[in-house]
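Protein chains: 2
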Amino acid sequence: MPAPISSRKRVLDQLVGLFRRDGYDGVSISRISDVTGLGRPSLYYYFPGGKDEMAHAVLDAASKWFDENVAAVARGDGTPASRLKTMLVNIDRFYSGGREACLLNAFMLGETNAALSKPVRAAFEAWVDAFALISRDTGATKTQARRRAEGAVARIQGALVLARSLNDDAIFARTLRDIETLILE
Amino acid sequence: MPAPISSRKRVLDQLVGLFRRDGYDGVSISRISDVTGLGRPSLYYYFPGGKDEMAHAVLDAASKWFDENVAAVARGDGTPASRLKTMLVNIDRFYSGGREACLLNAFMLGETNAALSKPVRAAFEAWVDAFALISRDTGATKTQARRRAEGAVARIQGALVLARSLNDDAIFARTLRDIETLILE
DNA sequence: GTCTATAATAGGATAGAC
DNA sequence: GTCTATCCTATTATAGAC
Chain A
11 MPAPISSRKR VLDQLVGLFR RDGYDGVSIS RISDVTGLGR PSLYYYFPGG KDEMAHAVLD
71 AASKWFDENV AAVARGDGTP ASRLKTMLVN IDRFYSGGRE ACLLNAFMLG ETNAALSKPV
131 RAAFEAWVDA FALISRDTGA TKTQARRRAE GAVARIQGAL VLARSLNDDA IFARTLRDIE
191 TLILE
Chain B
11 MPAPISSRKR VLDQLVGLFR RDGYDGVSIS RISDVTGLGR PSLYYYFPGG KDEMAHAVLD
71 AASKWFDENV AAVARGDGTP ASRLKTMLVN IDRFYSGGRE ACLLNAFMLG ETNAALSKPV
131 RAAFEAWVDA FALISRDTGA TKTQARRRAE GAVARIQGAL VLARSLNDDA IFARTLRDIE
191 TLILE
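Sequence order for the protein chains is A and B. The numbering of the first sequence is the numbering used here, which starts it at 11 and goes up by one. The numbering of the second sequence is the numbering used here, which starts it at 11 and goes up by one.
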């Protein structure tokens with residue numbers, strides 16, 4: 011008998027890939043069924059709340075990833091420069107060097123998804139806070155740190171959009187490098 | 011009898027508002043019918059190709075707006091600084107100070123809309139070219155100008171995403187100001 | 001946990017009258 | 001140009017067997 015290749019965790023990972031690429035309205039349960047290899051009823055077994063619950067679960071998973079790989083690093087040991095370096099390396103990996111879209115950006119579309127706007131906003135705030143923490147540790151004032159951090163998050167988002175549209179990874183790589191000097195200055 | 015408040019041009023303007031906010035998949039013909047006050051068949055009278063044609067028409071309209079209000083200004087008379095200032099003022103107005111989303115970003119979602127990716131990419135290239143032209147006129151090398159222009163477009167896109175999510179117009183305003191120094195340096 | 005089968009609805013699109 | 005009426009398909013979601 012085949013190994014239990016199916017699990018909620020595995021499905022969740024695939025959902026991240028689908029939602030970040032196609033957005034909430036662009037993903038159908040049928041397509042999720044095709045990609046995961048699970049029948050539609052099985053998906054409702056894992057996510058009784060349907061697509062809505064899937065989207066929230068995906069946001070939770072992404073937030074958890076961010077907490078562990080970015081926010082925790084910002085609060086961790088080492089010089090500000092070394093912590094920032096690790097954060098950026100992890101971010102680069104999460105976005106596959108700029109080839110993958112941002113889930114938060116994808117979930118901002120559509121008024122149907124108004125319920126998603128609160129966790130999306132909270133996620134962006136956490137991003138900003140993480141960068142601001144590094145900036146403060148280099149001596150920036152609270153206001154300076156906040157603005158530089160906002161600039162960093164915005165540049166990452168914008169670089170993802172532009173790099174993906176122009177199919178040019180270098181744009182994303184350069185942006186991450188620029189952020190190092192922006193935050194540490 | 012009521013005045014002929016309906017016209018293709020008016021519908022097109024409303025379509026821009028709908029698509030930039032909800033994305034391609036997030037907009038239904040029924041909703042378009044509600045918003046425009048036109049019956050579904052009337053929409054197909056103006057756009058026989060259906061939703062697909064509507065999306066392309068909306069992109070064309072946005073590209074035309076950009077050509078007239080940004081690209082033409084970049085090629086126009088005046089100092090680089092004054093031309094850039096006008097471009098940024100027009101961009102600020104188009105995005106209502108950062109409260110309205112970017113159509114190009116919205117149209118990047120979904121594999122269904124693969125046909126849209128070519129015009130979207132062309133539009134981004136035109137954006138970059140316009141800023142690069144200003145930068146070159148201030149003495150930057152071709153490579154420098156290109157990179158600064160990419161940075162400017164990315165920052166605008168990212169600022170729109172972040173400003174809308176955090177509901178903070180100031181982020182967008184600061185970004186436009188930063189771009190002035192970025193391009194003119 | 002996963003399936004087959006099916007309900008119920010929403011979506012895109014068209015025919016044909018006026 | 002705009003409408004009523006309609007078609008067909010896709011979509012979300014559930015019932016119930018295994």
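Just so you know, even glycine gets a beta-carbon here, dropped at the ideal spot from N, CA and C. None of the values given here were measured: they were computed from a predicted structure.
Go ahead and pull the three-state DSSP assignment for residue i.
i, result
"Ala142(A)", "helix"
"Ser40(B)", "helix"
"Met11(A)", "In this prediction, Met11(A) has a pLDDT of 40, which is less than 50 and means its spatial position is unreliable; what the coordinates show is noted afterwards. Coil, per DSSP."
"Thr185(A)", "helix"
"Ala150(A)", "coil"
"Gly108(A)", "helix"
"Thr191(A)", "helix"
"Leu48(B)", "coil"
"Pro90(B)", "helix"
"Phe57(A)", "coil"
How would you call residue i, buried or exposed, if buried means at least 16 neighbouring beta carbons within 10 angstroms?
i, result
"Glu160(B)", "buried"
"Arg50(A)", "exposed"
"Gly168(B)", "buried"
"Thr89(B)", "exposed"
"Arg158(A)", "buried"
"Arg18(B)", "exposed"
"Thr191(B)", "exposed"
"Ser92(B)", "exposed"
So, under 8 Å CB-CB, residue i and residue j are touching, yes? Tell me the CB distance rounded to an integer number of Å.
i, j, result
"Leu176(B)", "Phe134(A)", "6 Å"
"Trp137(B)", "Phe104(B)", "Rounded, the Cβ-Cβ distance is 12 Å, inconsistent with contact."
"Ile39(A)", "Leu28(A)", "Not confirmed; about 11 Å, so no contact."
"Leu69(B)", "Leu98(B)", "About 22 Å separates the two Cβ atoms, so there is no contact after all."
"Val83(B)", "Ile101(B)", "At roughly 10 Å, the Cβ-Cβ gap does not stay under 8 Å, so Val83(B) and Ile101(B) are not in contact."
"Ala125(A)", "Arg30(A)", "The pair is not a contact, with the Cβ atoms about 18 Å apart (cut-off 8 Å)."
"Tyr55(B)", "Val21(B)", "10 Å between Cβ atoms; not a contact."
"Ile189(A)", "Ala155(A)", "Wrong, their Cβ atoms sit about 13 Å apart, outside the cutoff."
Over the uninterrupted alpha helix (DSSP H) stretch that includes residue i, give me the two end residues.
i, result
"Ala82(A)", "Ala82 to Arg85"
"Asn177(A)", "From DSSP, Asn177(A) is part of no alpha helix (DSSP H); its letter is neither H nor E."
"Ala124(A)", "Taken as a continuous stretch (DSSP letters only), Ala124(A) belongs to no alpha helix (DSSP H), as it is neither H nor E."
"Ser73(A)", "Gly60 to Phe76"
"Leu119(B)", "Run containing Leu119(B): none; DSSP gives neither H nor E here."
Which residues, in chain order, does the segment 98-123 of chain B contribute to contact with chain A at a C-beta distance below 9 Å?
Ala111, Cys112, Leu114, Asn115, Ala116, Met118, Leu119, Gly120, Glu121, Thr122 and Asn123
With 9 Å as the limit, tell me which residues of the segment 148-167 of chain B have their beta carbon closer than that to any beta carbon of chain A; keep them in chain order.
Arg157, Glu160, Gly161, Val163, Ala164, Arg165, Ile166 and Gln167
Please name the residues in the segment 51-71 of chain A whose beta-carbon is closer than 9 Å to at least one beta-carbon of chain B, in chain order.
none
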